[in-house]
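To start, the structure under review is shown below, and the notes come after it.
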Amino acid sequence: MTEGAHSLRPLRTLEIGFRDQPPAFASDRRADISARWAEAVRANPALFNGTVLLFDDLAVEGDRLSVVARPVDYATFSAFLAWGGPVPGLANLFGAAAIVSSDGDLLLGRMGARTDDAGTVKLVGGTPDLSDVHGGRVDLVGSVARELAEETGLRAVDAERCDELLLFLDPPYAAVIQVLRFAQTTADLVAAIEAHLAADPDPELAGIVAIRARSDPGVVGLPRYTRAIVHHLFPA
1 MTEGAHSLRP LRTLEIGFRD QPPAFASDRR ADISARWAEA VRANPALFNG
51 TVLLFDDLAV EGDRLSVVAR PVDYATFSAF LAWGGPVPGL ANLFGAAAIV
101 SSDGDLLLGR MGARTDDAGT VKLVGGTPDL SDVHGGRVDL VGSVARELAE
151 ETGLRAVDAE RCDELLLFLD PPYAAVIQVL RFAQTTADLV AAIEAHLAAD
201 PDPELAGIVA IRARSDPGVV GLPRYTRAIV HHLFPA
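Numbers 1 to 236, taken from UniProt numbering, label the letters of the sequence shown in order.
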């Protein structure tokens, strides 16, 4: 799949079920997963082995996505990604917020030292967890709002426009991106986020990066799904 805006497709319907049973991968590779996690924690003692969600039975028909979530510990999740998604059908589905200022700039987060991908610049968002499960369904748009508030202090409900959902598929990754267009300028949004980070004793982000054009030098090193939204928002 190429990296341009055509890698993205619009979404209108999300049907995300929940099956309270880990995938077989979690038990079949337990010894290898545990050994890898022990090494990861030695390298970064701040890592936390909480419960997150992997997904299977992913299907896309037109502008409708359906999938089923499965609970796994973070050790299993991180091993799955580190090993290149070795199980056909399993996917890392996650939500992300494309924060767009009134100036038209895209605001990205730089991940902090306590995270598994410290230093990476990408869209604000994260892996859904059990707090996003309600009545046997996963609320991915709610997960985006939760991550946005936790990481930046911004509220999705304060965006002037928040109705654009886009899907980026790059197996084993599947990113659902919500474009949030705010009335505030880039300077005002950055100031508000930096104040939030300064007040947080253990922030997930180390800082904010503003992208103003697809030609910005930092775009080349962005994750594929983040580059795709840059190309979408800043046509050539």
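Cβ coordinates follow ideal geometry from the N, Cα and C atoms, glycine included.
Requested in this report: Could you tell me if R161 is buried or exposed, where buried requires 16 or more neighbouring beta carbons within 10 angstroms of its beta carbon?
Outcome: So R161 counts as exposed.
Query raised in the report: So is residue 237 buried or exposed if we call it buried at 16+ other beta carbons inside 10 Å?
Result: Residue 237 falls outside the range modelled here, since the chain spans only 1 to 236, and no answer is possible.
Query raised in the report: Would T152 be called buried (16 or more neighbouring beta carbons within 10 Å of its own) or exposed?
Result: Counting the other Cβ atoms within 10 Å of the Cβ of T152 gives 16 or more, which makes it buried.
Query raised in the report: DSSP on R70, reduced to helix/strand/coil?
Result: In the three-state reduction of the DSSP assignment, R70 falls in the strand class.
Query raised in the report: Would G62 be called buried (16 or more neighbouring beta carbons within 10 Å of its own) or exposed?
Result: It counts as exposed.
Query raised in the report: Curious, which full-length beta strand (DSSP E) runs of at least 3 residues does the segment 38 to 95 contain?
Result: Runs of the beta strand (DSSP E) inside the segment 38 to 95: 51 to 61, 64 to 73.
Query raised in the report: Does DSSP put P203 in a helix, a strand or coil?
Result: Here P203 sits in coil by DSSP.
Query raised in the report: Of the choices V60, V68, A183, G50, whose alpha-carbon is the least far from that of V100?
Result: Taking only the C-alpha atoms, the option nearest V100 is A183.
Query - Beta-carbon proximity list for S131, same chain, < 6 Å, skipping 5 on both sides - result: Closer than 6 Å at the Cβ level, and outside the excluded window around S131, lies no residue.
Query raised in the report: Looking only at DSSP bridge pairs, what is H134 linked to?
Result: Partner(s): R137.
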